[in-house]
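In my numbering, the protein residues as written are 1 to 353.
Taking it in order: structure first as structure tokens, then the write-up.
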Ligand SMILES: [Zn+2]
């Protein structure tokens, strides 16, 4: 049965660790427990039925955010790719954000999950289930020693790139309108990273990879293809979104896509303006379901990392999303799949049971 806070929404992407890192690191953890000015914390998660998801560890580029927002609100834009970040600079930031994740667990705010079964248990108990995810592999060395150690610490998902270049591959720039085909594919290091992730049971996230990199993963990965937070290019022709051809490959691999709430990837016109009705999200969901099937679509909010529709600015508003899906004619079984069942299915296939 669906009501206002169930089924729990388990979500493909959030950036709350970056926000807490910027707000003072470990000293800011307490605000996650008591309530903070942002999209995700414990009180809003409980109020809205946010069950958890992929908690991204991300090394920010020194970008001028005002400039980025200004540019991306225009009818067309093409932001330059930020400079690559060296391992020496990335590693301490990844350690600091991962430390916040484990601090949140110590405070009882969430549970860091290493298996699909642990996620199921957490959801059943009403605990936030968190996956340790790295968005952009700058902190991974070419010999993959850091990958081995981070896996032991709980890392279960990684994006080889954010929207910039790494030793593993190339990210798409923030560009509208644009195809995702913006350059070269994975490097040899990138192919080795995919292979080792397959062996260890670390999910490889395709969001932010350019199209050539996407096809390299599609050719070499032995696991379902997953884009944690991307939308339909047929509706919003942004470089960050997936073409119908890419969706067909994801379907073929039995993978999935998490619907990104970021308005720039939702709106037909690609502009970063927040007056987006929930109907626009349903338009993407309909398209994704049509091309992927009901078992291969979920959510990937980008909460605390993106400008999102004004009706949905925090976890506390998630009941409105459930309500909109019901009104749109989705039945309880489909809503449960979109909310968390599909993520569990894909993670079991990727990690093993
Ligand atoms: Zn992202």
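Built from N, CA and C at the ideal position, the CB exists for glycine as well.
For residue 14, the enclosing beta strand (DSSP E) covers residues 9 to 14.
Annotation: residue 28 to residue 215 spans about 40 angstroms, alpha carbon to alpha carbon. Contact between residue 257 and residue 267 is absent: CB atoms are separated by about 18 angstroms, not below the 8 angstroms threshold.
Here the region 130 to 144 lies against the region 180 to 193, with 3 or more beta-carbon pairs under 8 angstroms apart. Within the region 273 to 349, the complete beta strand (DSSP E) segments of 3 residues or longer fall at 297 to 299, listed in chain order. Annotated three-state conformation of residue 35 is coil, per DSSP. Excluding the 5 residues flanking it on each side, residue 157 has same chain C-beta neighbours closer than 7 angstroms at 54, 131, 133, 202, 203, 205, in chain order. Annotation for residue 222: 198 place their beta carbon closer than 7 angstroms to its own, counting only its chain and skipping 5 residues before and after.
The DSSP-derived three-state label of residue 170 is coil. Taken in chain order, the whole beta strand (DSSP E) runs of length 3 or more contained in the region 81 to 114 are 110 to 112. Residue state for residue 79 is assigned as coil, using DSSP reduced to three classes.
The Cβ-Cβ distance between residue 10 and residue 340 falls below 7 angstroms. Per DSSP, the unbroken beta strand (DSSP E) holding residue 51 starts and ends at 50 to 57. In this structure, residue 150 lies away from residue 103, with their beta-carbon atoms at least 7 angstroms apart. Look at the region 114 to 153 and you find these whole runs of alpha helix (DSSP H), each 4 residues long or longer: 116 to 125, 145 to 153.
Residue 258: not part of any alpha helix (DSSP H); member of the beta strand (DSSP E) spanning 256 to 259, first to last residue. Around the C-beta of residue 219, fewer than 16 other C-beta atoms lie within 10 Å, and the residue is accordingly described as exposed.
Residue 129 sits buried, since 16 or more C-beta atoms from the chains shown fall within 10 Å of its C-beta. Taking the Cβ atoms as the reference, residue 186 lies roughly 7 angstroms from residue 160, within the contact range of under 8 angstroms. Rounded to whole angstroms, the separation of the alpha carbons of residue 118 and residue 323 is 28 angstroms. Contact between residue 136 and residue 58 holds: their C-beta atoms lie close to 6 angstroms from each other, under 8 angstroms. In terms of CA proximity to residue 96, 56 leads the group 241, 36, 56.
Per DSSP, residue 250 is one residue of the alpha helix (DSSP H) stretching across 244 to 252.
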